[in-house]
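Asks: The structure under discussion is supplied below as structure tokens; questions concerning it will follow.
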Amino acid sequence: MHHNITALRSYRATLIPHGVDAAQLDQLADARLLPVLRLKAASASHAQACALLASGRPVLRVERVERVGRIERVERKKAGKSITPRHA
Numbered sequence: 151m152h153h154n155i156t157a158l159r160s161y162r163a164t165l166i167p168h169g170v171d172a173a174q175l176d177q178l179a180d181a182r183l184l185p186v187l188r189l190k191a192a193s194a195s196h197a198q199a200c201a202l203l204a205s206g207r208p209v210l211r212v213e214r215v216e217r218v219g220r221i222e223r224v225e226r227k228k229a230g231k232s233i234t235p236r237h238a
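The numbering used here numbers the first residue of the sequence shown as 151 and each following residue consecutively.
See below:
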């Protein structure tokens, strides 16, 4: 028996809300003024399908999110700023 294990990656799905002019969608998304969902999925297409199921809204785009938090901490450390862990 073969088992395929696929690593999950972080994605940000930008949703299309009701009543938004289609010509402005890209500008609003670039300015981060549209609702987003953060989720883990095996691929971008899987993330898009999951975002649609979870929100019931059409998905404008899906972006893979890298480990930005770790990079930001490294940059802060190099700049001499103190690092405080974030707690949920």
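The C-beta atom is built at its ideal place from N, Cα and C for all residues, glycine as well.
(1) Which residues does DSSP list as the beta-bridge partners of Ala191?
(2) DSSP on Leu210, reduced to helix/strand/coil?
(3) Checking 8 Å against the spacing of the C-beta atoms, do Thr156 and Ala179 come in under that value?
(4) With distances taken from CA atoms, which of Ser160, His153, Ser195 and Arg182 is nearest Ile166?
(5) Using the Cα positions of Ala191 and Cys200, report the straight-line distance between them to the nearest angstrom.
(6) According to the Cβ coordinates, are Tyr161 and Arg207 closer than 8 Å?
Replies: Inspection of the coordinates gives the following:
(1) Answer by DSSP bridge pairing, in chain order: Arg159.
(2) strand
(3) In this structure, Ala179 does not lie closer than 8 Å to Thr156 by Cβ.
(4) Of Ser160, His153, Ser195 and Arg182, the residue nearest in Cα terms is Arg182.
(5) 8 Å
(6) no
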